[in-house]
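Below is one structure, written out as structure tokens; the observations come after it.
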Amino acid sequence: MPFSTQELMIVAAAREIRDEEIVFVGMRLPITAYGVARLTHAPNAVGLFECGIARYVPAEGMLYTMADPPNQLGAAWTTGLIQIMGQLQRGRVDAGFIGGAEIDRLGNINTSYIGGFADPRVKLPGSGGAADIAAMAKRLIAIMNHERHRLVEKVDYVTSPGYLDGGTSRRDAGLSGGPAAVVTDRAILRPHGPDNELYLASVHPGHSIDEIREHTGWDLKLMPDIGETPPPTTRELAALHIIDKDGFWR
Amino acid sequence: MKDRLIPLGEAIAEHVRHGDSLVMGASLEPDIPFAATHEIIRQAKRDLDIVAPISDASSDMMIGAGCVAQITGAWCGNVSGGLGHNYRRAFEHGMPRSIKVNDHSNFSLGMALMAGAHGMPYAAMRSILGSDILRSNPAFRITENPFSAEAEPIVLVPPLIPDVAILSVQRADRYGNSHHWGNCGLMQEAALAAQRVILLADEIVDAAVIASDPGRVLFPGYLVTAVCHVPAACHPSPMTGCWRRDNAFFHDYHRQSRGREDFLAWLDEWVLGVPDHAAYRAKLGQQLDDLRIMGDAPSVAANYAAE
Chain A
0 MPFSTQELMI VAAAREIRDE EIVFVGMRLP ITAYGVARLT HAPNAVGLFE
50 CGIARYVPAE GMLYTMADPP NQLGAAWTTG LIQIMGQLQR GRVDAGFIGG
100 AEIDRLGNIN TSYIGGFADP RVKLPGSGGA ADIAAMAKRL IAIMNHERHR
150 LVEKVDYVTS PGYLDGGTSR RDAGLSGGPA AVVTDRAILR PHGPDNELYL
200 ASVHPGHSID EIREHTGWDL KLMPDIGETP PPTTRELAAL HIIDKDGFWR
Chain B
0 MKDRLIPLGE AIAEHVRHGD SLVMGASLEP DIPFAATHEI IRQAKRDLDI
50 VAPISDASSD MMIGAGCVAQ ITGAWCGNVS GGLGHNYRRA FEHGMPRSIK
100 VNDHSNFSLG MALMAGAHGM PYAAMRSILG SDILRSNPAF RITENPFSAE
150 AEPIVLVPPL IPDVAILSVQ RADRYGNSHH WGNCGLMQEA ALAAQRVILL
200 ADEIVDAAVI ASDPGRVLFP GYLVTAVCHV PAACHPSPMT GCWRRDNAFF
250 HDYHRQSRGR EDFLAWLDEW VLGVPDHAAY RAKLGQQLDD LRIMGDAPSV
300 AANYAAE
């Protein structure tokens with residue numbers, strides 16, 4: 000069955016969710032990935048939304064934001080932000096999804112300032128809940144467009160901490176967890192080695208290692224067991240088409 | 000009980016002062032009190048510190064209108080469109096004036112309002128460790144957890160006591176008691192922390208309706224300074240059981256706020272050239288009617304009988 004790049008990203012993101020996990024879902028692409036995971040390999044996953052919603056069953060109907068009426072109807076819990084985000088700090092949250100304008104070699108993400116905070120060229124909207132999710136979820140999955148100016152050697156500003164300066168620096172800062180995967184429109188990167196540097200782990204069908212390295216702002220190294228991202232299965236695509244009734248991601 | 004029902008224009012005139020810190024959009028994406036945003040712009044309030052985890056386009060409008068000196072929040076933009084053009088113009092080019100940003104994450108702002116709400120000297124947390132929010136906002140302190148056997152850095156968050164919290168709810172009585180349902184973000188902390196609370200109710204109901212279900216009350220009427228009856232005050236944001244999100248309106252705003260001149264035209268059309276929210280609703284006409292939630296999915300009543 001044919002599939003779009005975004006559908007492949009959704010399925011790749013869905014595969015990062017394991018059954019019975021508690022997951023910070025976020026919006027847009029990850030919310031669809033959560034739906035696919037629930038309908039395939041993770042029927043007992045729980046989705047959390049920082050505005051104050053917990054859900055078992057994914058919402059039916061188009062969501063522009065996580066607080067739209069379809070996400071309230073049939074929720075497991077509608078409550079406050081602290082009740083939901085406090086679960087991160089309590090250590091209950093297995094995985095969280097975030098996006099970002101810039102990510103660096105060590106998985107640090109910037110959504111605040113391009114050009115440093117004292118005299119920035121561009122003011123981006125800021126953290127929202129991303130800094131909290133990156134700091135306190137057991138595994139962080141970042142979703143990015145794979146462009147050279149987005150995957151950079153070092154971000155100007157760390158909104159959401161990845162492995163900071165590598166080595167033990169994340170642990171020294173008082174954090175556990177960290178980025179587990181970066182799902183892009185060309186590939187999947189994963190942390191590797193003592194610095195937890197992001198390596199090329201999986202190449203999406205139709206893309207090449209050379210092309211991916213060309214679109215990465217650092218000297219991207221290859222994971223020893225590098226492979227090709229398996230295309231969506233019939234079952235995964237069928238689940239995706241149930242969630243994405245209107246074909247938004249097609 | 001004190002009758003607190005007054006028109007919105009009066010509530011903003013009396014209870015919002017130049018230089019005040021205002022919580023607006025405490026619920027994150029829904030229930031954003033845009034009707035108050037417009038009234039603040041019409042009354043040309045100045046030097047405000049807008050406190051909001053995310054504010055959607057509400058803060059961007061007030062920034063463009065020159066009402067804002069500071070943003071204390073985690074995210075400022077337009078959820079449908081992405082970046083906030085007025086926010087960027089103000090921060091990058093000082094247009095129409097420069098603004099200061101007090102960077103937070105959603106959770107750190109929640110901790111600050113929680114500390115304010117409960118009179119805590121500060122809140123302690125693990126979040127934003129490792130984040131440059133700790134460098135760009137000097138309000139936080141890193142210290143060692145005094146109760147931990149091993150060295151463990153923690154972040155101390157000072158309490159936030161805003162001057163005013165402006166909050167939208169589905170229904171209230173004229174005494175300020177209200178029901179809210181659906182996610183509530185930081186509404187409860189904001190109401191408990193603020194010096195004054197302005198409540199915008201989609202519907203004014205008999206006091207007996209609110210009293211019939213005290214479990215649906217986020218904060219009681221005695222904490223409320225003024226109640227205003229403003230249907231669809233949240234437009235274009237959604238409100239559970241009442242209004243769907245007007246996503247096209249957010250996109251149109253995003254397009255029309257891209258340039259300063261176009262934004263000023265937008266402001267004239269939708270805010271300054273409209274006398275009040277009733278006229279704004281009339282101007283929206285069918286577009287607003289189409290957003291009204293017509294379905295029926297009521298909760299089962301809870302029995303509070305005493306014997």
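Residue numbers (numbering that gives the first Met the number 0), protein chains in the order written: chain A, 0 to 249; chain B, 0 to 306.
Every residue, glycine too, gets a C-beta built ideally from N, C-alpha and C.
All figures in this text were calculated on a predicted structure; none of them were measured in a lab.
Using DSSP with H/G/I as helix, E/B as strand and the rest coil, what is B:His179?
coil
Beta carbon of B:Leu199, beta carbon of B:Leu7: below 9 Å?
yes
Would you mind stating whether A:Gly125 and B:Ala73 have Cβ atoms separated by less than 9 Å?
yes
B:Thr36 (DSSP reduced to helix, strand or coil)
Looking at B:Thr36 - three-state DSSP - the assignment turns out to be helix.
Assuming B:Leu21 and B:Pro235 form a contact by the criterion Cβ under 8 Å, report the distance between their Cβ atoms to the nearest whole angstrom.
That pair is no contact at about 20 Å.
Mind pulling the chain B residues with CB within less than 8 Å of A:Thr77?
Trp180, Gly181, Asn182, Cys183 and Thr239
In whole angstroms, what separates the C-alpha of B:Leu133 from that of B:Leu47?
23 Å
To the nearest angstrom, how far is it from the Cα of B:Arg16 to the Cα of B:Arg195?
About 11 Å.
From A:Gly173 to B:Ile127, what distance separates their C-alpha atoms?
10 Å
Leaving out the 5 sequence neighbours to the left and right, which residues in its chain are closer than 6 Å to A:Thr215 when beta-carbon positions are compared?
Leu150
In chain B, which residues lie with their C-beta within 7 Å of the C-beta of A:Pro68?
Near A:Pro68 (Cβ distances below 7 Å), the residues of chain B are Pro237, Thr239, Arg243 and Ile292.
If distances are taken between C-alpha atoms only, which option among A:Gly85, A:Asp18, A:Met61 and A:Leu87 comes closest to A:Tyr55?
Considering only alpha carbons, the answer is A:Asp18.
What are the complete beta strand (DSSP E) segments, minimum 3 residues, inside the segment 44-103 of chain B?
The qualifying runs are 47-53, 67-74 and 99-102.
Three or more C-beta pairs closer than 8 Å, one from the segment 66-85 of chain A and one from the segment 167-177 of chain B: is that the case here?
no
Taking only three categories from DSSP, how would you classify A:Phe96?
Strand.
Per DSSP, what are the beta-bridge partners of B:Leu266 in this structure?
The partner list for B:Leu266 (beta bridge, DSSP) is empty, contrary to what the question assumes.
For B:Ser256, does the count of other Cβ atoms within 10 angstroms reach 16, so buried, or fall short, so exposed?
buried
Same chain only: Cβ atoms within 7 Å of B:Trp242, ignoring 5 sequence neighbours per side
Ala231, Cys233, His234, Leu290, Arg291 and Ile292
Could you compute how far the alpha carbon of A:Ser175 sits from the alpha carbon of B:Val216?
38 Å
Looking at the structure shown, is A:Pro69 part of a helix, part of a strand, or coil, going by DSSP?
helix
Buried/exposed call for B:Arg244, threshold 16 Cβ in 10 Å:
buried
Closest residue to B:Ala114 among B:Val299, B:Asp19, B:Gln187 and B:Ala34 (Cα-Cα distance)
Closest by C-alpha distance to B:Ala114, out of B:Val299, B:Asp19, B:Gln187 and B:Ala34, is B:Gln187.
Here's the rule I'm using: 16 or more other beta-carbon atoms within 10 Å means buried, otherwise exposed. How should A:Gly127 be labelled?
buried
Strictly below 8 Å CB to CB, what residues from chain B border A:Arg104?
What A:Arg104 touches in chain B: nothing, since even the nearest Cβ is about 16 Å away.
Rounded to the nearest angstrom, what separates A:Asp131 and B:Glu306 at their Cα positions?
46 Å
DSSP state of A:Asp254, grouped into three classes?
Missing from the structure shown is residue 254 of chain A; chain A here goes from 0 to 249 and no further.
Can we say the segment 105-122 of chain A touches the segment 211-226 of chain B, given the rule of at least three CB pairs closer than 8 Å?
no
Using a beta-carbon distance cut-off of less than 8 Å, what residues from the segment 19-38 of chain B approach chain C?
Note that chain C does not occur in the displayed structure, where the protein chains are A and B.
Threshold first: 3 residues or longer. Then list the beta strand (DSSP E) segments lying entirely within the segment 172-201 of chain A, N to C.
Every beta strand (DSSP E) stretch that sits fully inside the segment 172-201 of chain A and reaches 3 residues is listed by chain position as 178-182 and 186-191.
Does A:Pro1 come within less than 9 Å of chain B when only Cβ atoms are used?
no
A:Met143 and A:Gly95 closer than 9 Å at C-beta
no
Alpha carbon to alpha carbon, what distance is there between A:Thr233 and A:Leu7?
12 Å
For the segment 39-50 of chain A, which residues have a CB atom closer than 8 Å to at least one CB atom of chain B, in sequence order?
So the close ones are Phe48, Glu49 and Cys50.
Examine chain A for any beta-carbon lying closer than 9 Å to the beta-carbon of B:Met113, and answer yes or no.
It does: the Cβ of B:Met113 has a partner Cβ on chain A nearer than 9 Å.
How long is the line joining the alpha carbons of B:Met138 and B:Pro157, rounded to whole angstroms?
Per the sequence presented here, residue 138 of chain B reads as Ala, with Met not at that position. B:Ala138 and B:Pro157: Cα-Cα distance of roughly 7 Å.
Count the other CB atoms, across all protein chains shown, that sit within 10 Å of the CB of B:Glu143; report buried if there are 16 or more and exposed otherwise.
exposed
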